[in-house]
Structures are given as C-alpha cells and as structure tokens.
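Numbering (the numbering used here), first residue to last: 19 to 273.
Take a look at the structure set out below.
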Ligand code: ZN
C-alpha cells in the first residue's frame, strides 16, 4: 500500500497543488494536521483536502483557529494569522476543524501482514510536543505502541531511527537544491522510526520547496520529496489578506 503523507499545509493552496501533482497515485492519504493557520487560503485548502484525505489528525493551529484553545502559546505573528484565519473560515469549515480527532491515530491496514503505524501531529506521546532532536525522540521511540510513527509539527523533514543503542537522525540527502527531488529511506525491520514528511506549506528546514513523503508498506520504503511551487502567488495573496510581513518573508527563506 502506498500512502501519501502530508503535514502542515497551513493554508498554502499553491504548495498543496504542486504536491498533489507530484505525488502520483496513492492508496491512502494521511494528513498529520495544521491544515490552516499562517497561509492565505484556508477554505480552499480544506475544500481540496476533504475528499482526498483518508485520515486527518488535528494540529494545534486547527484547534486554535477553530476556537478550541487560546493563542497564549503563539508568538504575535502566529496569533495575528490565527485571528485572520478564524475570521476567514466558513462556518462549515470551522465545524469540521473542531471535529478533527486528536492523535495518535492508527490508520486501517489493508492486511494483517502490514506493519501497524501511528499518525500524530506532534509526538505520539503528546500532540503538542515537538520532536526536534534525539533528546525529544528518545521517549516516543521507546514508548510508542508501534515501531513506526509519522509525525509533523516541526516543519522539518526527516526523522529519527533507533535500534538498541544505535541511534541516528534521518535527513534526506538530495542531489539538487532546485527543481523536484526525491530521496528514499529503506526501513529496516528491527529499527524503530519517527518519520516526519516535512511541511507542505511553510517549511522551516532552509529549503523553501514544498515537502511531503510517500510510505510504501510493501517495500518498506519512505520516499521524501521536495517540489517547487508558485510561491509568488501565495505571497501576493498573503499581502492582499494583510497577513504579517514576517510570515510572507519566511516562505522564501524556508524558516
Ligand atoms: Zn504547523
């Protein structure tokens, strides 16, 4: 089974469009949350994703932008964007966001032979925890109920792998800084993994290109991808929506 794994789309329709065009065919689409917040097209993104997503886990921005939880932990630019998003979302979309389930979720498997996996926005142990380094990865890798979890939230593509005392950070090694690229990780049967597909709509790993991953449960491979998208249009829309300048600039910087 081929699963397209997306996270942190953040209302960026142009990035999502480029990702879906590059992804090819898939059997399931797993969305790790943060559909909205920051970007200028929250309603459009939700309309595109609704019929496509097999499973959607809620993200912290999905929660806050639909009025569940305060913006207390948000910095001023994130807070301004959340306010704009909440005012812009239709009643129907607000209701849908409020209904999104909390992670971790275990998606249905096609057969008993398939390895069970978990989907979560932040850590599989807590939806709001960031897994940014080995230290953060330690507890979830030990304690999660499956050997593989897909996580988002950090907007950094890659992940963490562990077998006993053997630990390593996974970072895709792309051949080019431009154009569309991919890099495949072969999952070893006796290792445990936290896999982050990266952010579709607001990457923070110094690469502005939209990020996603495809997980093949038959060949036990994760293929990481980066694709360029029409960022000029996204930034123009953000300008028109009067979203904070800092958020417009960070798209070009990939941070
Ligand atoms: Zn996010």
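For glycine and all other residues, C-beta sits at the position ideal for the given N, C-alpha and C.
Asked                                                                                                                                                                                               : Found
For residue 46 and residue 199, what's the separation of their Cα atoms in angstroms?                                                                                                               : 22 Å
Residue 4: beta carbon under 7 Å from a heavy atom of the ligand ZN?                                                                                                                                : Past the edges of the chain, shown from 19 to 273, lies residue 4, and the structure says nothing about it.
Looking at residue 272 and the ligand ZN, is the gap between the Cβ and the nearest heavy atom below 7 Å?                                                                                           : no
Would the segment 161 to 170 and the segment 95 to 114 be scored as touching if the rule is three or more Cβ pairs under 8 Å?                                                                       : no
Starting from the C-beta of residue 125, find all residues in its chain whose C-beta is less than 8 Å away, skip the five residues before and the five after it, and write them out in chain order. : 21, 46, 48, 72, 73, 135, 137
State the beta-bridge partners of residue 179 as determined by DSSP.                                                                                                                                : 186, 211
When the Cα of residue 268 is compared with those of 244, 223, 236, 157, which residue comes out closest?                                                                                           : 223
For the ligand NAP, I want to know if residue 223 counts as a neighbour, meaning its beta carbon is within less than 7 Å of at least one of the ligand's heavy atoms.                               : The ligand NAP is not among the ligands present in this structure, which contains only the ligand ZN.
Cutting at 8 Å between CB atoms, please list the residues of its own chain near residue 143, excluding the five before and the five after it.                                                       : 157, 158, 161, 162
Does the count of Cβ pairs from the segment 227 to 234 and the segment 209 to 216 closer than 8 Å reach three?                                                                                      : yes
Report yes or no: do three or more beta-carbon pairs, one from the segment 49 to 66 and one from the segment 75 to 85, lie closer than 8 Å?                                                         : yes
For residue 171, verify whether its CB is less than 7 Å away from any heavy atom of the ligand ZN.                                                                                                  : yes
Which same chain residues end up closer than 8 Å to residue 178 when comparing Cβ atoms and leaving out the 5 residues on each side of it in sequence?                                              : 149, 152, 155, 159, 185, 186, 187, 188, 211, 212
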